[in-house]
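Data block below; observations after.
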């Protein structure tokens with residue numbers, strides 16, 4: 305319980321939460337971009 309209290313009430317705990325949230329959003333953004341790129345059709349291949 306002390307760990308959760310420290311996580312949400314101290315400055316280093318809040319910065320940890322912000323850092324974790326930024327990493328997760330970066331990973332999700334990267335996954336979305338890669339997925340879109342993988343699903344694109346190649347213009348040279350579609351002309352054949």
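Residue numbers (my numbering): 305 to 352.
Glycine included, each C-beta is placed from N, C-alpha and C at the ideal position.
Query raised in the report: Is residue 310 helix, strand or coil when you go by DSSP?
Result: helix
Query raised in the report: Under three-state DSSP, which class holds residue 305?
Result: coil
Query raised in the report: Nearest-angstrom Cα distance between residue 340 and residue 333?
Result: 11 Å
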